[in-house]
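A.B. asks:
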Amino acid sequence: MKLEYFQMIDRVVELSLDDGSIRVESVVPTESTVFEGHFPGHPLVPGVLLVETMAQTAGWVLLARNRFERMPFLAGVRSAKLRRFVTPGERLSIQGRIVHEGSGFAVASCQVRADGKPVSDAELTFRILPFPHSDVRADLEAAAARIGLPLQAVSDVG
Amino acid sequence: MSDTFNTVADIIAETCDIPRDKIKPESHAIDDLEIDSLDFLDIAFAVDKAFGIKLPLEQWTQEVNDGKASTEQYFVLKNLCARIDDLIAAKGA
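First to last, the protein sequences are chains A and B. Note that my numbering gives residue 121 to position 119 of the first sequence, counting from 1, and the numbers run on in steps of one. Note that my numbering gives residue 17 to position 13 of the second sequence, counting from 1, and the numbers run on in steps of one.
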């Protein structure tokens with residue numbers, strides 16, 4: 003996790019394109035400039051960044067499902083719950099599952115867990131749009147390789 | 005009024021917090037009910053789930069943008085419901 007760069011996902015653990023589910027892991031850094039402000043002497047991962055972490059998790063499975071042909075953009079956050087504080091050094095397991103793929107949008111259910119216990123969950127809506135620029139797609143493909151998204155499985159999607 | 009309209013009107017009322025009695029078959033979702041594109045995604049999600057269909061929003065939007073269709077054809081509720089009925093019928097065919 004690099005909070006300052008919005009790199010919220012460390013690695014993909016499981017990906018199932020058939021049922022549209024994914025599980026990823028991330029370790030909260032022990033030091034980050036984010037913690038200098040949130041909060042001095044009491045570092046906590048901001049709740050909005052946990053929502054972002056869930057959004058990126060679901061985003062990867064959506065990208066995989068459409069073979070990086072279009073890009074998901076977070077458009078709605080429903081029933082977000084931040085169940086406890088998340089502190090530096092914690093290992094997070096994040097699950098995402100597509101619950102609906104509509105025309106130009108998708109809805110996903112996501113959960114963050116730590117030590118097997120629920121930390122945060124939300125239902126997220128995404129607009130699915132063309133990539134704004136080929137460089138954005140290239141950056142995401144590089145990020146996919148970095149976190150171990152199985153691109154071969156992606157390319158095999160019928 | 006049709007079951008389809010009643011279901012769609014209930015969805016709109018709940019999703020957009022619009023009084024149910026304000027939602028008529030002649031209502032234009034955008035012009036009369038002031039539903040924006042983000043709220044319409046939530047409506048489409050609920051409609052898709054309720055009827056087991058997939059509203060072709062992208063196709064409709066493209067047709068409107070290309071001048072091949074008017075918004076009334078898709079977003080006046082009685083027309084929207086007719087298209088939902090067509091999609092339901094096509095699904096069962």
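For each residue, glycine too, the CB sits at the ideal point set by N, CA and C.
Expressed to the nearest angstrom, what Euclidean distance is found between the alpha-carbon atoms of A:Val121 and B:His32?
C.D. replies: In the first sequence, counting from the first residue as 1, residue 121 of chain A sits at position 119. In the second sequence, counting from the first residue as 1, residue 32 of chain B sits at position 28. One C-alpha to the other measures close to 42 Å.
A.B. asks: Tell me which residue opens and which closes the beta strand (DSSP E) that A:Ile96 is part of.
C.D. replies: Your numbering for residue 96 of chain A matches position 94 in the first sequence. A:Ile96 -> beta strand (DSSP E) spans Arg93 to Glu103.
A.B. asks: According to DSSP, is A:Ile24 part of a helix, a strand, or is it coil?
C.D. replies: Working through the first sequence from its first residue, we reach residue 24 of chain A at position 22. Of the three classes helix, strand and coil, the one that applies to A:Ile24 here is strand, per DSSP.
A.B. asks: Does the region 23-34 of chain A come close enough to the region 68-76 of chain A that 3 or more CB-CB pairs lie under 8 Å?
C.D. replies: Too few Cβ pairs lie closer than 8 Å, so no.
A.B. asks: Less than 7 Å between the C-beta atoms of A:Ser23 and A:Asp12, yes or no?
C.D. replies: Looking up residue 23 of chain A in the first sequence gives position 21. Looking up residue 12 of chain A in the first sequence gives position 10. Result no, Cβ atoms of A:Ser23 and A:Asp12 do not sit closer than 7 Å.
A.B. asks: By the DSSP assignment, the alpha helix (DSSP H) with B:Arg87 in it spans what residues?
C.D. replies: The count along the second sequence starts at 1 and reaches residue 87 of chain B at position 83. Its alpha helix (DSSP H) spans residues Leu81 to Gly96.
A.B. asks: Taking 7 Å as the limit between beta carbons, can you name the residues of its chain near A:Asp143, skipping five residues before and five after?
C.D. replies: Mapped onto the first sequence, residue 143 of chain A falls at position 141. One detail in the question is off: residue 143 of chain A reads as Glu in this sequence, not Asp. Excluding residues within five positions, the ones whose Cβ falls inside 7 Å are Phe70.
A.B. asks: Does B:Leu37 have its Cβ less than 7 Å from a Cβ in chain A?
C.D. replies: Locating residue 37 of chain B in the second sequence gives position 33, where the first residue counts as 1. No, because no Cβ of chain A sits closer than 7 Å to the Cβ of B:Leu37.
A.B. asks: Which chain B residues are close to A:Gly106, counting only those with a beta carbon under 7 Å from its beta carbon?
C.D. replies: Against the first sequence, residue 106 of chain A aligns to sequence position 104. Neighbours of A:Gly106 on chain B, chain order: Leu61 and Glu62.
A.B. asks: Thinking C-alpha only, which one of A:Val114, A:Leu153, A:Asp141 and A:Gly150 is nearest A:Tyr7?
C.D. replies: Within the first sequence, residue 7 of chain A is the residue found at index 5, counting from 1. Of A:Val114, A:Leu153, A:Asp141 and A:Gly150, the residue nearest in Cα terms is A:Asp141.
A.B. asks: Check each candidate in A:Pro48, A:Val101 and A:Arg93 and name the one with the smallest Cα separation from A:Cys112.
C.D. replies: Here residue 112 of chain A refers to the residue found at position 110 of the first sequence. When each option's Cα is compared against that of A:Cys112, the closest is A:Val101.
A.B. asks: Count Cβ pairs between the region 85-95 of chain A and the region 20-39 of chain B that sit closer than 8 Å; are there 3 or more?
C.D. replies: Taking 8 Å as the limit for Cβ pairs, the verdict is that the region 20-39 of chain B does not touch the region 85-95 of chain A.
A.B. asks: Using C-beta distances below 7 Å, list every residue in its chain close to B:Phe79, excluding the 5 sequence neighbours before and after it, in chain order.
C.D. replies: Taking the first residue of the second sequence as 1, we reach residue 79 of chain B at position 75. Counting only Cβ-Cβ distances below 7 Å, and skipping sequence neighbours, we find His32, Ala33 and Ile34.
A.B. asks: Quick check: is the beta carbon of B:Lys95 nearer than 7 Å to any beta carbon in chain A?
C.D. replies: The sequence position of residue 95 of chain B within the second sequence is 91, counting from 1. No, because no Cβ of chain A sits closer than 7 Å to the Cβ of B:Lys95.
A.B. asks: Nearest to B:Ser46 by CA position, among B:Lys82, B:Lys72 and B:Ala17, is which residue?
C.D. replies: Residue mapping note: residue 46 of chain B aligns to position 42 of the second sequence, counting from 1. The question names Ser, but residue 46 of chain B in the sequence shown is Asp. Here the closest residue by C-alpha is B:Ala17.
A.B. asks: List the residues that DSSP assigns as beta-bridge partners of B:Phe55.
C.D. replies: Mapped onto the second sequence, residue 55 of chain B falls at position 51. Beta-bridge pairing links B:Phe55 to no other residue.
A.B. asks: To which residues does DSSP link A:Ser111 through a beta bridge?
C.D. replies: For the purposes of this step, residue 111 of chain A is taken as residue 109 along the first sequence, with counting starting at 1. A:Arg99 and A:Glu125, per the DSSP bridge assignment.
A.B. asks: Relative to the C-alpha of A:Ala77, which residue among A:Ser95, A:Asp117, A:Gly106 and A:Gly98 is closest?
C.D. replies: Position 75 of the first sequence, counted from the start, is the residue given in the question as residue 77 of chain A. The shortest Cα separation from A:Ala77 among A:Ser95, A:Asp117, A:Gly106 and A:Gly98 belongs to A:Gly106.
A.B. asks: Can you give me the start and stop residues for the alpha helix (DSSP H) that A:Arg67 sits inside?
C.D. replies: Working through the first sequence from its first residue, we reach residue 67 of chain A at position 65. Its alpha helix (DSSP H) spans residues Gly49 to Arg67.
A.B. asks: With burial defined as no fewer than 16 other Cβ atoms inside 10 Å of the residue's Cβ, what is the status of A:Pro74: buried or exposed?
C.D. replies: Residue 74 of chain A sits at position 72 when you count from the first residue of the first sequence. The residue is buried, with at least 16 neighbouring Cβ atoms inside 10 Å.
A.B. asks: B:Asp43 CB to nearest chain A CB: under 7 Å?
C.D. replies: Locating residue 43 of chain B in the second sequence gives position 39, counting from the first residue. Not closer than 7 Å to any Cβ of chain A, the Cβ of B:Asp43 fails to qualify, so no.
A.B. asks: Since I believe A:Val109 is in contact with A:Glu125 (beta carbons under 8 Å), could you give me their beta-carbon distance rounded to a whole number of angstroms?
C.D. replies: Sequence index remark: in the first sequence, residue 125 of chain A carries index 123 (1-based). Sequence index remark: in the first sequence, residue 109 of chain A carries index 107 (1-based). Sure, about 6 Å apart at Cβ, within 8 Å.
A.B. asks: Please check if any C-beta of chain B sits within less than 7 Å of the C-beta of A:His102.
C.D. replies: Here the question's residue 102 of chain A lines up with position 100 in the first sequence. Answer yes: the Cβ-Cβ gap between A:His102 and chain B drops below 7 Å somewhere.
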